[in-house]
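**Student:**
In our numbering, the protein residues as written are 0 to 229.
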């Protein structure tokens with residue numbers, strides 16, 4: 000066990016351990032090693048507190064799940080033909096394969112995903128200028144959950160001239176009780192999420208930057224939203 004994990008501990012009598020056990024007993028879809036899960040939760044919580052992106056996870060090939068490709072294909076269908084597209088969190092660059100005719104594509108990620116990648120950490124400031132790319136469509140497929148300050152990100156997109164934003168998101172439920180709030184916090188921390196935005200809070204973040212939500216779809220337990228800025 001790494002130094003510092005013992006501050007929370009995996010003692011079956013500890014509050015954190017009992018909380019995690021409760022979460023997985025009542026919501027897990029498959030068996031989980033509670034000791035490993037607790038270490039992961041503690042590690043992710045620490046990175047969340049300082050707003051640090053998980054480079055270890057996203058630079059590993061194992062961190063890029065193939066089952067996400069279906070979600071990417073759905074988002075690609077929402078891109079207008081002839082668009083200048085920038086994809087944040089490009090990963091395996093599956094969006095590029097499904098874009099309509101005459102689109103240009105720029106991948107962006109924490110690390111290079113090809114020589115043409117805009118290397119960018121959305122949790123670091125200042126965010127880069129996009130004047131050399133002039134994108135009109137920005138895509139976030141499984142990315143905004145891992146972004147600490149979504150309202151500031153939306154303002155940045157608007158300032159850079161982005162007209163359309165396509166994003167998937169796993170929103171936090173609204174109007175949660177105490178127990179459900181702890182369960183949701185534990186789930187989001189386990190997955191490394193950086194925020195607890197509800198669907199309405201996410202929409203409000205983009206609306207404050209001049210975007211309007213004009214389309215909503217669902218994918219598994221997630222939503223896919225299309226925002227337009229006029």
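We put the CB at the ideal spot given by N, CA and C, even for glycine.
Quick caveat: nothing in here was measured; it's all calculated off a predicted structure.
1. Using a threshold of 7 Å, state whether the C-beta atoms of residue 140 and residue 70 are closer than that.
2. Which one of 44, 214, 32 has the shortest CA to CA distance from residue 166?
3. Tell me the rounded alpha-carbon separation between residue 183 and residue 190.
4. Tell me the residue span of the alpha helix (DSSP H) that contains residue 41.
5. Considering only the alpha carbon of each residue, which of 188, 103, 172 lies closest to residue 145?
6. Would DSSP call residue 108 helix, strand or coil?
7. Here's the rule: buried if 16 or more other CB atoms are within 10 angstroms of the residue's CB, otherwise exposed. What is residue 32?
8. Ordered along the chain, which non-local residues of its own chain (more than five positions away) have a Cβ less than 6 Å from that of residue 90?
9. Any idea what DSSP makes of residue 213, helix, strand or coil?
10. Which whole runs of the beta strand (DSSP E) in the segment 45-105 are 3 residues long or more, in chain order?
11. Please report the distance separating the alpha-carbon of residue 61 from that of residue 122.
12. Going by C-alpha to C-alpha distance, which of 173, 157, 99 sits closest to residue 226?
13. Report the rounded CA-to-CA distance for residue 134 versus residue 74, giving the unit in angstroms.
14. Does residue 137 come out as helix, strand or coil in the three-state DSSP assignment?
**Tutor:** Result, derived from the coordinates:
1. Against the chain shown, residue 140 aligns to sequence position 141. Against the chain shown, residue 70 aligns to sequence position 71. The answer is yes: Cβ separation under 7 Å.
2. Taking the first residue of the chain shown as position 1, residue 166 is located at position 167. Nearest of 44, 214, 32 to residue 166, Cα basis: 214.
3. Looking up residue 183 in the chain shown gives position 184. Looking up residue 190 in the chain shown gives position 191. Rounded to the nearest angstrom, the gap between the Cα atoms of residue 183 and residue 190 is 11 Å.
4. By one-based count along the chain shown, residue 41 stands at place 42. For residue 41, the uninterrupted alpha helix (DSSP H) run begins and ends at 33-49, by DSSP.
5. Locating residue 145 in the chain shown gives position 146, where the first residue counts as 1. Taking only the C-alpha atoms, the option nearest residue 145 is 188.
6. Counting from 1 along the chain shown, the entry for residue 108 is found at position 109. Strand, per DSSP.
7. Here residue 32 refers to the residue found at position 33 when the chain shown is read from its first residue. That one is exposed.
8. The count along the chain shown starts at 1 and reaches residue 90 at position 91. Apart from the 5 residues on each side of it in sequence, residue 90 sits with its Cβ closer than 6 Å to the Cβ of 63 in its chain, given in chain order.
9. Taking the chain shown and counting its residues from 1, one reaches residue 213 at position 214. If DSSP states are grouped into helix, strand and coil, residue 213 belongs with the strands.
10. 83-87
11. Counting from 1 along the chain shown, the entry for residue 61 is found at position 62. Counting from 1 along the chain shown, the entry for residue 122 is found at position 123. Near 22 Å, if we compare the C-alpha coordinates of residue 122 and residue 61.
12. In the chain shown, counting from the first residue as 1, residue 226 sits at position 227. Cα-wise, what sits closest to residue 226 is 157.
13. To locate residue 134, count along the chain shown from 1; it is residue 135. To locate residue 74, count along the chain shown from 1; it is residue 75. Residue 134 and residue 74: Cα-Cα distance of roughly 16 Å.
14. For this step, residue 137 is matched to residue 138 along the chain shown. Three-state result, residue 137: strand.
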